[in-house]
DNA sequence: AATGTTTATCGTAATATTGCAATATTAAAA
DNA sequence: TTTTAATATTGCAATATTACGATAAACATT
């Protein structure tokens, strides 16, 4: 085993889990916070911002890219990373919807 | 390796990643959606709601409990599971803050 | 007391993730 | 063209996660 049984869940459930998975590592949160902080694309220097080796950072960037959260545009020698605003907004709504679905009418606990 | 280097990141970054990790599986999303849907505590029948074996469900419930998202109160024979509203609200704000930090002033891409 | 019900834990197999050294790739700079 | 710089990929070791059968624990019911 070890493989998630995605087939047995709804598309939506798998989607939410996939976004959460992309955010489920402090290095990836750090990358996103850096991109949010500088409020622009980053051409280089992401590796220097993180306490991890270059291949490891590259791998985390790849996961964020695969999740659609960031995009990387070749900019001459370097690569320019940006948060994809549309995806970011879509994901914001997905989490907002999930978290706001609660209704304070519990009957126990 | 395989072990996340939590020490090298801020508490906040680790916290966000930990919440995301708890949400990073469709079964756990399904459990939470069920708890949200029935709008009450669930004493039993969570296992029947999911396409997974009982020990697997129990394990997922444990992870949600460890993350503080749900709590389980012993109710005679069964155990009554609830979403912890305070933690839920706290997590909602954490994600809201993360997602709303974006600023549409990009200079490239 | 014996049985049934519900949930947890143990043990284990399969798979995934994390991290990095080594190496490859790509393009700018010298 | 050689060198330098930036990023990606490969390969591998360590660890984590997912899943479930078997079993245990706790309590209710008979």
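Residue numbers (the numbering used here), protein chains in the order written: chain A, 867 to 975; chain B, 867 to 975. Backbone N, C-alpha and C fix where the C-beta goes; we use that ideal spot for every residue, glycine too.
For residue i, would you say it is in contact with chain B, using Cβ-to-Cβ distances shorter than 8 Å as the test?
i	result
residue 928 of chain A	no
residue 883 of chain A	yes
residue 933 of chain A	no
Once DSSP output is grouped into helix, strand and coil, what is the label at residue i?
i	result
residue 932 of chain B	helix
residue 906 of chain B	coil
residue 869 of chain B	coil
residue 944 of chain B	strand
residue 949 of chain A	strand
residue 939 of chain B	strand
residue 914 of chain A	helix
residue 967 of chain A	coil
residue 874 of chain A	helix
residue 927 of chain A	helix
residue 852 of chain B	Not covered by the structure: residue 852 of chain B. The range shown for chain B is 867 to 975.
How would you call residue i, buried or exposed, if buried means at least 16 neighbouring beta carbons within 10 angstroms?
i	result
residue 879 of chain B	buried
residue 957 of chain B	buried
residue 882 of chain B	buried
residue 940 of chain B	exposed
residue 890 of chain B	buried
residue 904 of chain B	exposed
Quick one: measure Cβ to Cβ for residue i and residue j, integer angstroms, because I've assumed they're closer than 8 Å.
i	j	result
residue 938 of chain A	residue 950 of chain A	Actually they do not touch by this definition, with Cβ atoms about 10 Å apart.
residue 893 of chain A	residue 918 of chain A	6 Å
residue 902 of chain B	residue 968 of chain A	6 Å
residue 896 of chain A	residue 875 of chain B	6 Å
Kindly list, in the order they appear in chain A, the residues whose Cβ is closer than 8 Å to that of residue i.
i	result
residue 917 of chain B	871, 874, 875
If you measure from the beta carbon of residue i to each beta carbon in chain A, is any gap under 8 Å?
i	result
residue 956 of chain B	no
residue 905 of chain B	yes
Kindly list, in the order they appear in chain B, the residues whose Cβ is closer than 7 Å to that of residue i.
i	result
residue 880 of chain A	892
Can you pull the chain A residues whose beta carbon is under 7 Å from the beta carbon of residue i, in chain order?
i	result
residue 895 of chain B	879, 882, 883
Using a C-beta to C-beta distance shorter than 9 Å, which residues of chain B count as neighbours of residue i?
i	result
residue 944 of chain A	Going along chain B, no residue has its Cβ under 9 Å from residue 944 of chain A, so there is no contact; the nearest lies around 12 Å.
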